[in-house]
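Count along the sequence shown from 1, add 24, and you get the number used in this note's numbering. Scroll down for the structure; my scribbles are underneath it.
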Amino acid sequence: MERVNDSSRSRRRMTGAERREQLIQIGRALFAEKGFDGTSVEEIAASAKVSKPVVYEHFGGKEGIYAVVIDREMQRLLTLVTQALSASHALVKLERAALALLQYIEESSEGFRILVRDSHAASGTGTFASLISDIASQVEDVLADEFKERGYDPKLAPMYAQMLVGMTALTGQWWLDVRKPRREEVAAHLVNLSWNGLTGLDPNPQLTAATRGLVLSPPPDARPARPAERDSKEQDKARERDLKEQEKLQREQQKAREREQKEREKAREREQKEQEKLQREQQKAREREQKEREKAREREQKEREKAREREQKEQEKAQREQQKALERQARQASKTAGPDRADGS
25 MERVNDSSRS RRRMTGAERR EQLIQIGRAL FAEKGFDGTS VEEIAASAKV SKPVVYEHFG
85 GKEGIYAVVI DREMQRLLTL VTQALSASHA LVKLERAALA LLQYIEESSE GFRILVRDSH
145 AASGTGTFAS LISDIASQVE DVLADEFKER GYDPKLAPMY AQMLVGMTAL TGQWWLDVRK
205 PRREEVAAHL VNLSWNGLTG LDPNPQLTAA TRGLVLSPPP DARPARPAER DSKEQDKARE
265 RDLKEQEKLQ REQQKARERE QKEREKARER EQKEQEKLQR EQQKAREREQ KEREKARERE
325 QKEREKARER EQKEQEKAQR EQQKALERQA RQASKTAGPD RADGS
């Protein structure tokens with residue numbers, strides 16, 4: 025009995041705010057493990073070592089705890105993404121937004137497991153889909169500005185925002201269980217696909233220097249807010265960092281453009297040399313072909329001359345044979361005429 029009284033006194037020493045926070049944390053763990061429908065008030069009370077009426081007194085039931093848990097997790101994730109989207113350059117915004125989601129998953133795995141389930145109507149704060157829609161609305165503004173600068177139709181920005189955020193969210197759900205590779209590498213590959221597209225994938229993507237090693241600050245749950253003056257200094261420092269990062273990124277982009285220009289010039293020179301080489305080879309081929317035609321004509325000419333010579337020789341031979349035949353006939357006639365004249369005398 026004395027131990028029971030000690031336990032009662034221990035429970036009474038916990039303030040109402042502390043008890044409320046304890047029930048929220050216990051409910052959060054149970055909801056992550058079993059879901060809303062699989063969790064009962066009895067389990068929450070037993071884990072907190074209190075009676076069920078205490079739970080009803082603070083929250084009116086598990087619905088009240090669930091609503092607080094969902095609201096906190098959505099605010100935590102939305103705050104991280106909003107911080108990420110405060111960067112000045114679109115590429116840095118994209119990198120930081122992907123990194124913010126992965127950081128939230130890594131640091132608040134239980135919360136993310138609760139969010140990705142279909143949020144119960146008792147939450148009163150919407151669903152994970154509505155949270156994604158809120159984030160997409162912010163990304164939409166970023167894309168609209170980029171589309172205008174690049175001459176694309178800004179009316180397409182909402183559709184592209186849904187694509188981009190949906191791809192990142194689904195990748196986060198996959199990474200929740202596998203946890204490989206590390207979050208910066210996953211973010212780099214996400215940005216690689218969304219920024220470069222399939223036809224321009226970098227075989228070894230890396231985050232820019234403005235994003236590598238970045239850890240965002242989640243919103244406090246029960247800690248006092250920072251003084252306004254400190255917040256102002258932090259904002260000034262953040263703006264200065266963003267400005268320096270933007271300038272560095274612009275220098276890197278300028279260097280990249282110069283490298284691309286040099287590569288294009290080298291490619292043009294190589295192409296010109298190839299064309300000149302091809303022209304020289306074609307010219308040589310034409311010259312060889314011309315020489316071959318001339319040789320063929322010369323051979324034909326010689327063959328014709330030889331044929332004429334053979335024909336002339338044949339004609340001369342035939343004439344000589346005819347002459348010899350005439351001479352033989354004459355001699356024969358002469359021989360024949362001689363005896364005849366002798367007989368007549």
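Even glycine gets a Cβ: it sits at the ideal position worked out from N, Cα and C. Note that the coordinates shown come from a computational prediction; the quantities given were computed from them, not determined experimentally.
Using only alpha-carbon positions, find the residue among V79, T232, R96 that is nearest to G40. On the sequence shown, residue 40 is found 16 positions in, with the first residue counted as 1. Looking at the Cα atoms, V79 is the closest of the given residues.
Starting from Q197 and walking both ways along the alpha helix (DSSP H), at which residues does that stretch end? Position 173 of the sequence shown, counted from the start, is the residue given in the question as residue 197. Note, Q197: alpha helix (DSSP H), 181 to 202.
Using a threshold of 7 Å, state whether the C-beta atoms of A122 and T63 are closer than that. For the purposes of this step, residue 122 is taken as the residue at position 98 of the sequence shown. For the purposes of this step, residue 63 is taken as the residue at position 39 of the sequence shown. It is not a contact, given that the beta carbons lie outside the stated cut-off.
Between the CA atoms of G224 and A212 - distance to the nearest angstrom: Here residue 212 refers to the residue found at position 188 of the sequence shown. Here residue 224 refers to the residue found at position 200 of the sequence shown. In a straight line, the C-alpha of A212 is about 14 Å away from that of G224.
Which two residues bound the contiguous alpha helix (DSSP H) that contains L125? Position 101 of the sequence shown holds residue 125. First-last of the alpha helix (DSSP H) with L125: 114 to 131.
At the level of alpha carbons, what is the spacing between A153 and P227? For this step, residue 153 is matched to residue 129 along the sequence shown. For this step, residue 227 is matched to residue 203 along the sequence shown. Answer to the nearest angstrom: the Cα atoms are 32 Å apart.
Whether L139 touches E97 by CB criterion (7 Å): Position 115 of the sequence shown, counted from the start, is the residue given in the question as residue 139. Position 73 of the sequence shown, counted from the start, is the residue given in the question as residue 97. Yes, the Cβ-Cβ distance between L139 and E97 is below 7 Å.
Can you name the start and end residues of the alpha helix (DSSP H) that D370 belongs to? Residue 370 is absent from the structure shown; the chain starts at 25 and stops at 369.
Alpha carbon to alpha carbon, what distance is there between V166 and L115? What you label residue 115 is simply residue 91 of the sequence shown in a count that begins at 1. What you label residue 166 is simply residue 142 of the sequence shown in a count that begins at 1. Going by the C-alpha atoms only, they are around 10 Å apart.
Rounded C-alpha distance that separates Q325 from Q343: The sequence position of residue 325 within the sequence shown is 301, counting from 1. The sequence position of residue 343 within the sequence shown is 319, counting from 1. Spanning the two alpha carbons is a distance of roughly 27 Å.
Cβ separation of L188 and V163, assumed to be a contact under 8 Å, to the nearest whole Å: Start at 1 with the first residue of the sequence shown, and residue 188 comes out as number 164. Start at 1 with the first residue of the sequence shown, and residue 163 comes out as number 139. That pair is a contact at about 6 Å.
Among the candidates E66, D95, L104, whose CA atom is the shortest distance from the CA of V239? Counting from one through the sequence shown, the residue named residue 239 turns up at place 215. The candidate whose alpha carbon is nearest that of V239 is L104.
Taking only three categories from DSSP, how would you classify V239? Position 215 of the sequence shown, counting from 1, holds the residue named residue 239. The answer is coil: DSSP assigns V239 none of H, G, I, E or B.
Kindly indicate which three-state DSSP category G84 falls into: helix, strand or coil? On the sequence shown, residue 84 is found 60 positions in, with the first residue counted as 1. Note: G84 maps to coil in three-state DSSP.
State the DSSP-derived secondary structure class of D226, mapped to helix, strand or coil. Residue mapping note: residue 226 aligns to position 202 of the sequence shown, counting from 1. Reduced to three states, the DSSP call for D226 is coil.
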